[in-house]
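Trainee: Residue numbers (our numbering), protein chains in the order written: chain A, 5 to 219; chain B, 5 to 219. Quick one: this structure, given as C-alpha cells, is what I'll be asking you about.
2 protein chains.
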Amino acid sequence: MFQSHIVGKQKSPAFPGHYTVVSAASKDQTIRLKADQTIYSEGEHALAIYQVEAGAVRIYRLMSNGHRHILSFCSKGEWFGLEKGQVRSDFAEAVCETRIRPFPANQDAVVPMDLLNIALTNLAKAQEKQLVMTEQSALKRVAAFVQEMAERHPGEPEFDMMMSRSDIADYLGLTIETVARSFTKLRERRIVRLNGKLQRSVRLLDRDALVALTN
Amino acid sequence: MFQSHIVGKQKSPAFPGHYTVVSAASKDQTIRLKADQTIYSEGEHALAIYQVEAGAVRIYRLMSNGHRHILSFCSKGEWFGLEKGQVRSDFAEAVCETRIRPFPANQDAVVPMDLLNIALTNLAKAQEKQLVMTEQSALKRVAAFVQEMAERHPGEPEFDMMMSRSDIADYLGLTIETVARSFTKLRERRIVRLNGKLQRSVRLLDRDALVALTN
DNA sequence: CGGGTGCTTGACTAGCATCAAATGTAGTGG
DNA sequence: CCACTACATTTGATGCTAGTCAAGCACCCG
C-alpha cells in the first residue's frame, strides 16, 4: 500500500494527447553543481524546468517562522521547476555534487516533453508524501524514507543517502534528534547498517522488516 | 506566507500552450449527489474528470491499516479525478448534497480545458497541505483549516463547513477528540463562534487572530 | 592541539492519542 | 407527550511519543 512515490517507469496518463514541444536541448547544456549550490530561489522568474542527470536536488520552502520544509527530493531522471505561475514559489538546491539539464520555457523546440505527465508525477509524489507524514510514528516515517531511498538504487546492496539528518528531518517534519534516534532503532533491530563518517551509507539487512514498518 | 491552497483566479502557467480539447460538455450533464455518495473508487478505470458545481467532494485513500486519509476537499469550481494512470488511485465521495459536472476522457470536444493547469493547481494544493501538516500544533492545523474554509466563502460572515469532525481529523492527521478540543479553544479565545446542531456553522469573530495562528 | 561540524545520546517536558463517559439533538414508537 | 435509541460532538483522565535543551563523541582541518 505504501509504494514509494518515486516513479520508475512512466505510465501513460489517463488523459493523453498533451505532448508539447518546449525546449531546445542543445548539445550539452548540462549544469554542474556543487553541494548546497542554489538552482533557483523563491520570487525569481521561472525561466526553465530541469531534469536531474546525476546527484540529488532538494525543493523547499521557508516559512514565516523561519523553518525550512523540504517538499521533495529529486533524483536521477526526475523533473523539477514546473510552476503554476511565472514566479518561483520555492527554492531548489543541489544536495550533493549534481548534474542537471535545463529546458527553457518558451523556446524553439527540439525535444518534446509531456509537461502534464511531469506535473501528474510530481502530484503523485506529493500525495504519497502526505500519506507518509500523517498517522505515522517517527520510526515509520524514517523507515518510509529509507525505503524510498532504497528504491532509487535498485539492485545495489549498499547506497549513499546523501541527505544530512537535517535534510531528512525537514523533509519528514521531525527533528534531527528524532531522526537520529530512529536510525539507531533501525540499527538496533538489525534492519539497516550505517556506514561512513556521516552515517549516510545504508546497507539494507532486512528489507522485509523495513517494508513491514511502512504498513 | 500561508496562503490558502484554494485557487481564486487562475494565473497562467509558467509553461503555457497546453490547452487541449477533452470533452463534449453536452447541455446539462450535471450529476446530483447526496451526502456520502460515492463518485468513484480505487481500482476503477478512470473515465472522466469532474468539476464541482456546488457542495463539496472529499478525495481520500484507505491505508493498509484501515485508516482513511483525506488528500483534499474540492469545492465549487475545483477539479478532481485527473489521474496519472488509467486506474483510480483514490476514492471520491460527496461530503454533502453536491452537484458535479463530468468531462469524459477521450471524446469529441466542445469545451477546451487546460489539463496542465488543473494538475498544477492540484499540485499546489497538495504542497500547501504538506506545509500545514508539518511542524504545526493541532490548534494551528485546525486554524489553518478554518482559514481555508473561510476563504471559500469570501464576504460571508457565517458559513457552513459541511465536513464532520471525523472528516477534518482524517484530513489534518489528527483524532476527532483533538479536533473538537481545538475548536473549543478557538471558541474560548473568541476567534470563532460555532452554531448549528452539529457545530459546523462558523462565524469568524477575529480573523486577525486566526491568521496569526497560522503563521 | 584546538575549534568546527555533524551525528548521537540523555533527561525532562509538553502535547497528542487513547480509552472512557457525558452531553445534546433528532427520530421513533408507545 | 415521554421513553428510548442513534449519532455526532464534547469533555475528562492517563500514558506515551516526540520536542527541547544539553552534553558527548567522532572526524576533519588549520
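The beta-carbon is built from N, C-alpha and C at its ideal position, and this holds for glycine as well.
Going residue by residue through the region 45 to 109 of chain A, where are the continuous beta strand (DSSP E) segments of at least 3 residues, counting only ones entirely within it?
Mentor: Taking 3 residues as the minimum length, the beta strand (DSSP E) runs contained wholly in the region 45 to 109 of chain A are 52 to 58, 61 to 66, 72 to 78, 95 to 98 and 102 to 108, in order along the chain.
Trainee: What are the residues in the region 166 to 178 of chain A lying within 7 Å of chain B by C-beta distance?
Mentor: 177
Trainee: Going by the beta-carbon positions, is the gap between residue 56 (chain A) and residue 81 (chain A) smaller than 8 Å?
Mentor: Sequence index remark: in the first sequence, residue 56 (chain A) carries index 52 (1-based). Sequence index remark: in the first sequence, residue 81 (chain A) carries index 77 (1-based). Cβ distance < 8 Å, so residue 56 (chain A) and residue 81 (chain A) count as in contact.
Trainee: According to the neighbour-count rule (16 or more other Cβ atoms, all chains shown, within 10 Å of its Cβ), is residue 71 (chain A) buried or exposed?
Mentor: For this step, residue 71 (chain A) is matched to residue 67 along the first sequence. Exposed is the call here.
Trainee: Does the distance from the C-beta atom of residue 214 (chain A) to that of residue 140 (chain A) stay below 8 Å?
Mentor: Here residue 214 (chain A) is taken as the residue at index 210 of the first sequence, counted from 1. Here residue 140 (chain A) is taken as the residue at index 136 of the first sequence, counted from 1. Note that the C-beta distance between residue 214 (chain A) and residue 140 (chain A) is not below 8 Å.
Trainee: Label residue 49 (chain B) either buried or exposed according to how many other C-beta atoms from any shown protein chain fall within 10 Å of its C-beta, with 16 as the threshold for buried.
Mentor: Here residue 49 (chain B) corresponds to residue number 45 of the second sequence, with the count starting at 1. Burial call: exposed.
Trainee: DSSP three-state label for residue 170 (chain A), please.
Mentor: Counted from its first residue, the first sequence places residue 170 (chain A) at position 166. Residue 170 (chain A) falls in the helix class under three-state DSSP.
Trainee: When we look at the beta-carbon of residue 159 (chain B) and count the other beta-carbons within 10 Å, is it buried (16 or more) or exposed?
Mentor: Here residue 159 (chain B) corresponds to residue number 155 of the second sequence, with the count starting at 1. That one is exposed.
Trainee: With 8 Å set as the bound, which would you pick, yes or no: does the beta-carbon of residue 67 (chain B) sit closer than that to a beta-carbon of chain A?
Mentor: Position 63 of the second sequence holds residue 67 (chain B). Yes, contact with chain A.
Trainee: Please list, in chain order, the chain B residues whose beta carbon lies closer than 7 Å to that of residue 138 (chain A).
Mentor: The sequence position of residue 138 (chain A) within the first sequence is 134, counting from 1. Correct list: 73, 137 and 177.
Trainee: Out of A:51, A:197, A:105 and A:90, state which residue places its alpha-carbon closest to the alpha-carbon of residue 34 (chain A).
Mentor: Locating residue 34 (chain A) in the first sequence gives position 30, where the first residue counts as 1. With distances taken between Cα atoms, residue 34 (chain A) lies closest to A:105.
Trainee: Return yes when the Cβ of residue 40 (chain B) is within less than 8 Å of the Cβ of residue 97 (chain B), no when it is not.
Mentor: Start at 1 with the first residue of the second sequence, and residue 97 (chain B) comes out as number 93. Start at 1 with the first residue of the second sequence, and residue 40 (chain B) comes out as number 36. Yes.
Trainee: How would you write the range of the beta strand (DSSP E) that residue 208 (chain B) sits in, first residue to last?
Mentor: Against the second sequence, residue 208 (chain B) aligns to sequence position 204. Here the beta strand (DSSP E) through residue 208 (chain B) covers 205 to 208.
Trainee: Applying the criterion that 16 or more other CB atoms from any shown protein chain within 10 Å of the CB defines a buried residue, is residue 125 (chain B) buried or exposed?
Mentor: Position 121 of the second sequence, counted from the start, is the residue given in the question as residue 125 (chain B). Buried: at least 16 other Cβ atoms inside 10 Å.
Trainee: Give the DSSP-derived three-state secondary structure of residue 162 (chain B) in the structure shown.
Mentor: Your numbering for residue 162 (chain B) matches position 158 in the second sequence. The answer is strand: DSSP assigns residue 162 (chain B) an E or B state.
Trainee: Starting from residue 202 (chain B), trace the alpha helix (DSSP H) in both directions and tell me its first and last residue.
Mentor: Position 198 of the second sequence, counted from the start, is the residue given in the question as residue 202 (chain B). First-last for residue 202 (chain B): undefined, no H or E at that position.
Trainee: Comparing alpha-carbon positions, which option in A:206, A:167 and A:83 lies nearest residue 107 (chain A)?
Mentor: Start at 1 with the first residue of the first sequence, and residue 107 (chain A) comes out as number 103. Checking every option, the nearest Cα to that of residue 107 (chain A) belongs to A:83.
Trainee: Taking only beta-carbon atoms, is residue 125 (chain B) less than 8 Å away from chain A?
Mentor: Position 121 of the second sequence holds residue 125 (chain B). Answer yes: the Cβ-Cβ gap between residue 125 (chain B) and chain A drops below 8 Å somewhere.
Trainee: Any idea if residue 38 (chain A) is buried or exposed, counting beta-carbon neighbours within 10 angstroms, 16 or more meaning buried?
Mentor: By one-based count along the first sequence, residue 38 (chain A) stands at place 34. The residue is exposed, with fewer than 16 neighbouring Cβ atoms inside 10 Å.
Trainee: If distances are taken between C-alpha atoms only, which option among B:185, B:197, B:190 and B:146 comes closest to residue 172 (chain B)?
Mentor: Start at 1 with the first residue of the second sequence, and residue 172 (chain B) comes out as number 168. Among B:185, B:197, B:190 and B:146, the Cα nearest to that of residue 172 (chain B) is on B:146.
Trainee: Let me check one thing: in DSSP terms, what residues is residue 35 (chain B) bridge-paired to?
Mentor: For this step, residue 35 (chain B) is matched to residue 31 along the second sequence. DSSP output for residue 35 (chain B) lists B:104 as bridge partner(s).
Trainee: Return the Cβ separation of residue 67 (chain A) and residue 135 (chain B) in integer angstroms, given the expectation that the two are a contact with Cβ distance under 8 Å.
Mentor: To locate residue 67 (chain A), count along the first sequence from 1; it is residue 63. To locate residue 135 (chain B), count along the second sequence from 1; it is residue 131. Rounded, the Cβ-Cβ distance is 7 Å, consistent with contact.
Trainee: Answer with buried or exposed for residue 170 (chain B), where buried requires no fewer than 16 other C-beta atoms within 10 angstroms of its C-beta.
Mentor: As a working note, residue 170 (chain B) is residue 166 in the second sequence. Answer is exposed; the Cβ neighbour count stays below 16.
Trainee: Does any residue of chain B bring its CB to less than 8 Å from the CB of residue 209 (chain A)?
Mentor: Working through the first sequence from its first residue, we reach residue 209 (chain A) at position 205. Residue 209 (chain A) does not count as touching chain B.
Trainee: Which chain B residues sit within Cβ distance under 8 Å of residue 128 (chain A)?
Mentor: For the purposes of this step, residue 128 (chain A) is identified with residue 124 of the first sequence, where counting begins at 1. 88 and 93, listed in chain order.
Trainee: Any Cβ of chain A within less than 8 Å of the Cβ of residue 131 (chain B)?
Mentor: Sequence index remark: in the second sequence, residue 131 (chain B) carries index 127 (1-based). It does; some Cβ of chain A falls within 8 Å.
Trainee: If you drop the 5 nearest sequence neighbours on each side, which residues of the same chain put their C-beta closer than 8 Å to that of residue 205 (chain B)?
Mentor: Taking the first residue of the second sequence as 1, we reach residue 205 (chain B) at position 201. Correct list, in chain order: 162, 163, 164, 165, 198 and 199.
Trainee: Does chain B have any CB closer than 8 Å to the CB of residue 55 (chain A)?
Mentor: Within the first sequence, residue 55 (chain A) is the residue found at index 51, counting from 1. Not an interface residue.
Trainee: Looking only at its own chain, which residues have a Cβ that is under 8 Å from the Cβ of residue 149 (chain B), when we skip the five neighbours before and after it?
Mentor: Against the second sequence, residue 149 (chain B) aligns to sequence position 145. If we look at residue 149 (chain B) and ignore the five residues flanking it on each side, its Cβ neighbours are 136, 172, 175 and 176.
Trainee: To the nearest angstrom, how far is it from the Cα of residue 100 (chain A) to the Cα of residue 59 (chain A)?
Mentor: Your numbering for residue 100 (chain A) matches position 96 in the first sequence. Your numbering for residue 59 (chain A) matches position 55 in the first sequence. Taking the straight line from one Cα to the other gives about 6 Å.
Trainee: Measure the alpha-carbon distance for residue 77 (chain B) versus residue 51 (chain A) and round it to whole angstroms.
Mentor: Locating residue 77 (chain B) in the second sequence gives position 73, where the first residue counts as 1. Locating residue 51 (chain A) in the first sequence gives position 47, where the first residue counts as 1. Computed Cα separation, rounded: 32 Å.
Trainee: With a threshold of 8 Å between beta-carbons, can residue 119 (chain A) be considered close to chain B, or not?
Mentor: Residue mapping note: residue 119 (chain A) aligns to position 115 of the first sequence, counting from 1. With 8 Å as the cut-off, residue 119 (chain A) counts as an interface residue toward chain B.
Trainee: Within the continuous alpha helix (DSSP H) that includes residue 219 (chain B), where are the two ends?
Mentor: By one-based count along the second sequence, residue 219 (chain B) stands at place 215. Premise fails: residue 219 (chain B) is in no alpha helix (DSSP H) and is neither H nor E.
Trainee: For the candidate residues B:153, B:103, B:89 and B:133, whose alpha-carbon lies nearest to that of residue 74 (chain B)?
Mentor: The count along the second sequence starts at 1 and reaches residue 74 (chain B) at position 70. The shortest C-alpha separation from residue 74 (chain B) is found at B:133.
Trainee: Along chain A, which residues have their Cβ under 9 Å away from the Cβ of residue 151 (chain B)?
Mentor: In the second sequence, the residue the question calls residue 151 (chain B) occupies position 147. Residues of chain A passing the Cβ test: none, with the nearest at roughly 14 Å.
Trainee: Check the Cβ of residue 134 (chain B) against every Cβ in chain A and list those closer than 8 Å, keeping chain order.
Mentor: Residue mapping note: residue 134 (chain B) aligns to position 130 of the second sequence, counting from 1. 73, 75, 130, 133, 134 and 137, listed in chain order.
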